[in-house]
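Note sheet for the following structure.
Number of protein chains: 2
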Amino acid sequence: MTETRERFISAATKAFAERGFYGTSIAAIADALPYTKQALLHHFGSKEKLYAEVLKRISDRLMAELEGVRERALDPRDRLEETFVEFYRTTIERPDDTQLLMRELLDNKRRAETSRTWYLKPFLESLVDMVVEEPSTNTRSRHVALAVVYQLLGAINYFAVSEPTLKRMFGGEEFSKLRGNYEAELRRLIAARLDSEQ
Amino acid sequence: MTETRERFISAATKAFAERGFYGTSIAAIADALPYTKQALLHHFGSKEKLYAEVLKRISDRLMAELEGVRERALDPRDRLEETFVEFYRTTIERPDDTQLLMRELLDNKRRAETSRTWYLKPFLESLVDMVVEEPSTNTRSRHVALAVVYQLLGAINYFAVSEPTLKRMFGGEEFSKLRGNYEAELRRLIAARLDSEQ
DNA sequence: GCCCTCACTTACCATTTGGTAAGGTGACTA
DNA sequence: TAGTCACCTTACCAAATGGTAAGTGAGGGC
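Heads up: the sequence lines are chains P and C, in that order.
For what it's worth, my numbering labels the leading residue of the first sequence as 1, then goes sequentially.
For what it's worth, my numbering labels the leading residue of the second sequence as 1, then goes sequentially.
As C-alpha cells, then:
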C-alpha cells in the first residue's frame, strides 16, 4: 500500500528535521508508527533511499507552490514580492521541511555524492529568473540577482528555523509578538531591497 | 597541557561543523590528532562537555569582535552597518564556526536541556540594542529591532553556510563572482533596510 | 628514594547502529 | 488447490558508539 509508505515518509520527515540524518535511527522512525524497522527497510531499501524520498517530496512541493503563485499572475513586481511572502508562509507552516532543508545545506559538503540538493536548483533558478526579468530591480546580471534571492531566502529561512531557540531565549509571549510582526517586517525588507536604487 | 586541549577543541570544531554533533564520534575527532579517544575523554570528561567548550569558545570570539567594532566608535549609523559587515567577514572567514552555530540552532529543540545557545543571547541583545538606540532606524520597539537583526543575520549566515552547495550547483567560477560581490550586495541590503521609512 | 599528579594508553563493555536472511500471512490468480 | 505476490515479522549480525577501569611512565617536590 502507498498509505504505509506515506506514513513512513511523514514520520521520517519529522525525525530527520529534528535530529538530522545521522541523529535519526531508522528504528526510531519505525517506533513512531505501528511498524518495525524492517517494514521500513522493506519499503525503502535503505536509510539513504528513504531520505532521498523525503527530500524529493519537499522539493516537489516547493516547485508546485512556486507554480501556484506564478499562475496567480499579478503585476510582475507584486508577484515577485508575493512569491517570497508566500514562501515565508509555507516555511513557517512547515517548519519540519525548512529545518530539513537547512540541514541538507549543512551536510552537503560531507554527503556530496549521495545528497540531492540538485532538487533545489530549479527552485532557485526560477526565483533568479523572476528577479532578472523584473525591470524595477535593475539587476540584469544573474549573480547579482542570485545574491538578492539568497539574502531574502536567508532572512526567511533563518528565522523560520529559530523558533525553538528564540522561544527559549525570550519567552513564548515575546516570541509571539516577534512572529506576529515578522511577515510585515519581511515585506518591508523585500520592498526595500527590490526597490533600492543601484 | 593546555596545548593539547586547544588542539582537541580545534579538531572538534571542524568535525562538529562538518558532520554535526550526532554525526561526529569522539574517536573520529581523536583520529585527526595523534591521540586516542581516551585522551579526549581524559581532558573533557564527555562528548557533551567537549561540545560545550567548543560552543563557548565561539561565542567568546563573537562577543570580542562585537566589542572591537564598538570601540572603533564611528558615527553610530555607520557603526551599525559596519558591525554587520564585520560579522559577515568573520562569518565567511570561519565557515566552521558559522556552520556549527547553525547546527546548534537546528538541534536546539532536541538538546533543549543540555544545549547552551544562551551563550548567543548577549550577542543578539547587543545587536538589538544598537538598532534600537540608533534613531535613524525609527525602531523603538525591541521586537521590531529583533526582526531587523534576524533578517540581516539570516542573509549573512544562510549565504555563508551555502558555499559547498552553491559551488556544486553553479560551478566554482560562478560562485567566485557571487562571493566577490556579496559583501557589496549585503551592504546594499543593510542600508536599504536600516534606512527604510516606517 | 618516595610519593603524587598529570597526561595518556590499553583493555574492555553494554548498547545502538544499519542491514541481511528467512520466514509468515493473507489476498488474489490459474 | 496450488502458486505467487505484496506486506510485514522475528532472528540475527558485524561494526561502531560513548564511556569505565585500570593502568604506565615521566616530572616535580620533599
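Note that CB positions come from ideal geometry on N, CA and C, so glycine has one too.
Note that the coordinates shown come from a computational prediction; the quantities given were computed from them, not determined experimentally.
Whole-angstrom C-beta distance between residue j and residue i, which should lie under 8 Å
i: N181 of chain C; j: V54 of chain P; result: Incorrect: roughly 34 Å between the Cβ atoms, too far for contact.
i: E134 of chain C; j: P76 of chain C; result: 5 Å
i: T83 of chain C; j: T91 of chain C; result: That pair is no contact at about 12 Å.
i: R193 of chain C; j: L152 of chain C; result: 7 Å
i: F123 of chain P; j: S59 of chain P; result: 7 Å
i: A147 of chain P; j: L186 of chain P; result: Actually they do not touch by this definition, with Cβ atoms about 18 Å apart.
i: F16 of chain P; j: T4 of chain P; result: With 8 Å as the limit, F16 of chain P and T4 of chain P do not qualify as a contact, their Cβ atoms being about 18 Å apart.
i: M130 of chain C; j: L80 of chain C; result: 5 Å
i: L33 of chain C; j: A11 of chain C; result: 6 Å
i: M169 of chain P; j: K121 of chain C; result: 5 Å
i: K14 of chain C; j: D96 of chain C; result: 5 Å
i: S65 of chain C; j: E86 of chain C; result: A small fix is needed here, since residue 65 of chain C is Glu in this sequence, not Ser. With a Cβ gap of about 7 Å, E65 of chain C and E86 of chain C count as contacting.
i: Y22 of chain P; j: Y22 of chain C; result: 5 Å
i: V161 of chain C; j: L178 of chain P; result: Actually they are not in contact, since the Cβ atoms of V161 of chain C and L178 of chain P sit about 22 Å apart, beyond 8 Å.
i: T27 of chain C; j: A39 of chain C; result: Reading off the sequence, residue 27 of chain C comes out as Ala, not Thr. Their Cβ separation, rounded to whole angstroms, is 11 Å, which puts A27 of chain C and A39 of chain C out of contact at 8 Å.
i: Y158 of chain C; j: Y150 of chain P; result: 7 Å
i: E56 of chain C; j: Y119 of chain C; result: Here the sequence assigns Lys to residue 56 of chain C, which means Glu is not the residue at that position. Right, the Cβ-Cβ distance comes to about 6 Å (below 8 Å), so this counts as a contact.
i: S196 of chain C; j: R94 of chain P; result: In fact, because the Cβ distance is near 29 Å, the residues do not count as touching under 8 Å.
i: G20 of chain C; j: G20 of chain P; result: 5 Å
Interface partners of residue i on chain P, CB under 7 Å
i: H143 of chain C; result: E174, K177, L178 and N181
i: A192 of chain C; result: A192, R193 and S196
i: F159 of chain C; result: Y150 and G154
Closer than 8 Å at the beta carbon, the chain P residues around residue i
i: E185 of chain C; result: V144, A147, V148 and Q151
i: Q99 of chain C; result: L106
Closer than 7 Å at the beta carbon, the chain C residues around residue i
i: K121 of chain P; result: M169
i: T131 of chain P; result: Just to set this straight, residue 131 of chain P is Val in the shown sequence, not Thr. Under the 7 Å cutoff, chain C gives no residues; its nearest Cβ is about 12 Å from V131 of chain P.
i: L189 of chain P; result: Q151 and R193
i: L105 of chain P; result: V161, S162 and T165
Proximal residues of chain P, C-beta to C-beta of residue i below 9 Å
i: M63 of chain C; result: Ordered by position in chain P, no residue passes the 9 Å Cβ test against M63 of chain C, which lies about 16 Å from the chain.
i: G45 of chain C; result: What G45 of chain C touches in chain P: nothing, since even the nearest Cβ is about 21 Å away.
8 Å Cβ cut-off: residues of chain C touching residue i
i: Y51 of chain P; result: Under the 8 Å cutoff, chain C gives no residues; its nearest Cβ is about 13 Å from Y51 of chain P.
Residue ranges of each beta strand (DSSP E) run of no fewer than 3 residues wholly in the segment 9-70 of chain C, ordered along the chain?
none
Mind listing, in chain order, the continuous alpha helix (DSSP H) runs of no fewer than 4 residues lying wholly within the segment 119-157 of chain C?
121-133
Threshold first: 4 residues or longer. Then list the alpha helix (DSSP H) segments lying entirely within the segment 73-97 of chain P, N to C.
76-93
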